[in-house]
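Numbering (the working numbering), first residue to last: 1 to 318.
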């Protein structure tokens with residue numbers, strides 16, 4: 001029960017800070033919302049790599065001290081800056097169009113008004129299918145690296161955070177030629193996953209206005225836990241367990257009659273582990289299919305909203 005309360009506070013605290021920083025900055029810089037959102041979400045992604053490297057550098061076995069540092073450090077930053085992070089004026093970043101009954105694309109929507117628009121649900125489902133495919137890989141990155149024979153899984157945590165940061169900022173480059181498939185996959189997944197969280201808030205603010213951006217953005221982020229529950233907990237985990245059980249039966253059928261003594265000596269009572277690329281092959285194919293559907297939905301959204309963007313950025317350049 002105690003852990004449940006702490007996890008509830010932690011997740012909601014992260015959401016509050018994220019919403020305040022995002023909405024305030026987008027309202028302050030409506031004409032530069034894309035790089036602003038990219039920088040904010042990028043450093044949110046980079047924080048995982050920073051904390052991982054700090055932990056590696058300290059190399060302390062006292063986990064309580066690490067948790068204390070992670071809890072107190074960000075809290076002190078928030079307390080120090082909470083009085084200056086706010087909108088500085090009534091900035092309007094939406095497209096100015098002639099008002100009729102109800103808002104139109106580019107005007108300020110409430111959450112209930114946005115929920116009946118096809119554009120909003122196109123964004124939601126493309127985010128769910130696209131970003132949650134990447135989140136599934138991130139959630140299972142440790143098991144993936146172990147099944148492929150990598151001993152040090154910490155490097156992949158840092159890599160996914162760093163390239164997640166670069167994807168959110170909106171740029172990425174290959175600093176060197178990397179020949180290991182796992183490293184390349186981690187790099188590309190980090191870039192793709194991070195790009196979603198730079199594009200979606202900016203697109204939501206451009207299509208549905210800035211006035212209710214906090215409510216709109218946080219509703220869209222519901223796609224993340226919903227997709228993680230289905231993709232990671234149900235699809236990826238069940239496929240991994242099935243392959244692990246199949247390998248366990250295949251490797252140990254010859255001692256089936258050995259009894260519990262031999263089973264205990266050989267560690268057969270331990271949880272099964274899967275080895276090889278087969279562990280996540282089917283999962284990767286399913287996630288790839290979801291990504292293709294997300295691309296199709298995104299292209300439909302692009303076609304539906306190209307006039308709005310032509311008006312928005314045409315006026316900003318003139």
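Built from N, CA and C at the ideal position, the CB exists for glycine as well.
**OP:** Throw me the rounded Cβ distance for the residue 280 and residue 240 pair, which I believe falls under 8 Å.
**Re:** That pair is a contact at about 7 Å.
Original post:
What's the gap between the Cα of residue 140 and the Cα of residue 288?
Top reply: In this structure, the alpha-carbon of residue 140 lies about 16 Å from that of residue 288.
Subject >> Separation of residue 307 from residue 130, as counted between CA atoms >> reply: In a straight line, the C-alpha of residue 130 is about 24 Å away from that of residue 307.
**OP:** Would you be able to state if there are at least three C-beta pairs under 8 Å between the stretch 18-29 and the stretch 212-219?
**Re:** Taking 8 Å as the limit for Cβ pairs, the verdict is that the stretch 18-29 does touch the stretch 212-219.
**OP:** Would you mind sorting residue 31 into buried or exposed? The rule is 16 or more other CB atoms within 10 Å of its CB.
**Re:** Exposed, because fewer than 16 other Cβ atoms sit within 10 Å of the Cβ of residue 31.
Subject >> Nearest-angstrom beta carbon gap, residue 298 and residue 33 [assumed within contact, 8 Å] >> reply: The pair is not a contact, with the Cβ atoms about 18 Å apart (cut-off 8 Å).
**OP:** Compute the Euclidean distance between the alpha carbons of residue 180 and residue 2, then round it to the nearest angstrom.
**Re:** Per-residue confidence for residue 180 stands at a pLDDT of 46, beneath the threshold of 50, marking its modelled position as unreliable; the derived number appears in the next sentence. Cα atoms of residue 180 and residue 2: separation of roughly 42 Å, rounded to the nearest angstrom.
Original post:
Between residue 37 and residue 15, what straight-line distance do the alpha-carbon atoms span, to the nearest angstrom?
Top reply: About 15 Å.
Original post:
How is the alpha helix (DSSP H) around residue 11 delimited, first residue to last?
Top reply: Element bounds for residue 11: 2-28.
Original post:
If we call anything under 9 Å between Cβ atoms a contact, is residue 196 one with residue 127?
Top reply: Yes.
Original post:
Taking the C-alpha atoms as reference points, what is the distance between residue 47 and residue 74?
Top reply: Between residue 47 and residue 74, the C-alpha separation is close to 11 Å.
Subject >> Nearest residue (CA-CA) to residue 220, options 114, 28 and 108 >> reply: The shortest Cα separation from residue 220 among 114, 28 and 108 belongs to 114.
**OP:** Locate the alpha helix (DSSP H) running through residue 65, then write down its first and last residues.
**Re:** Annotation for residue 65: the continuous alpha helix (DSSP H) segment containing it runs 63-81.
Original post:
residue 218 by DSSP, collapsed to three states: which one?
Top reply: Of the three classes helix, strand and coil, the one that applies to residue 218 here is helix, per DSSP.
Subject >> Under 9 Å between C-beta atoms of residue 231 and residue 136 >> reply: Yes, these two residues count as a Cβ contact at 9 Å.
Original post:
So, residue 322 versus residue 70, is the Cβ gap smaller than 9 Å?
Top reply: What is shown of the chain runs 1 to 318, which leaves residue 322 out entirely.
Original post:
Roughly how many angstroms separate the alpha carbons of residue 291 and residue 193, rounded to a whole number?
Top reply: So the alpha carbons of these two residues sit roughly 11 Å apart.
**OP:** Along the alpha helix (DSSP H) that carries residue 137, what are the first and last residues, could you check?
**Re:** Counting along the chain, the unbroken alpha helix (DSSP H) around residue 137 starts and ends at 118-139.
Subject >> Residues near residue 144 in its chain [Cβ-Cβ closer than 6 Å; skip 5 each side] >> reply: Excluding sequence neighbours, residue 144 sits near 280.
Subject >> For residue 207, three-class secondary structure by DSSP >> reply: In the structure shown, residue 207 sits in a helix (DSSP, three-state: H, G or I).
Original post:
Helix or strand or just coil, what does DSSP make of residue 282?
Top reply: Here residue 282 sits in helix by DSSP.
Original post:
Quick one: what does DSSP say residue 290 is sitting in, helix, strand or coil?
Top reply: It is helical.
Original post:
Under the criterion of a Cβ to heavy atom distance below 8 Å, does residue 228 qualify as lining the ligand SAM?
Top reply: The ligand content of the structure shown is nil, which means the ligand SAM is not present either.
Original post:
Does DSSP classify residue 268 as helix, strand or coil?
Top reply: Its pLDDT being 49, under 50, residue 268 is placed unreliably in this model, and the value from its coordinates should be taken loosely. Under the three-state reduction of DSSP output, residue 268 falls in the coil class, being neither helix nor strand.
Original post:
To the nearest angstrom, how far is it from the Cα of residue 274 to the Cα of residue 295?
Top reply: Approximately 31 Å, taken between the alpha carbons.
Original post:
Looking at the unbroken alpha helix (DSSP H) that takes in residue 226, where does it start and where does it end?
Top reply: Per DSSP, residue 226 belongs to the alpha helix (DSSP H) from 223-227.
Original post:
Is the CB-CB distance between residue 304 and residue 119 below 9 Å?
Top reply: A contact, by the Cβ cut-off of 9 Å.
**OP:** Starting from residue 114, trace the alpha helix (DSSP H) both ways and give me its first and last residue.
**Re:** For residue 114, the uninterrupted alpha helix (DSSP H) run begins and ends at 111-114, by DSSP.
Original post:
Taking DSSP as the reference, what is the three-state secondary structure of residue 104?
Top reply: If DSSP states are grouped into helix, strand and coil, residue 104 belongs with coil.
**OP:** Give me the Cα-Cα distance between residue 85 and residue 218, rounded to the nearest whole angstrom.
**Re:** Taking the Cα positions, residue 85 is about 19 Å away from residue 218.
Subject >> Among 132, 81 and 29, nearest to residue 17 - alpha-carbon criterion >> reply: Comparing C-alpha distances from residue 17 to each of 132, 81 and 29 shows the shortest one belongs to 81.
Subject >> Cβ-based neighbour list, residue 223, same chain, cut-off 8 Å, excluding 5 preceding and 5 following >> reply: Only residues of its own chain outside the window of five on either side were considered, and among them 124, 125, 127, 128, 131 and 132 have a CB closer than 8 Å to the CB of residue 223, listed in chain order.
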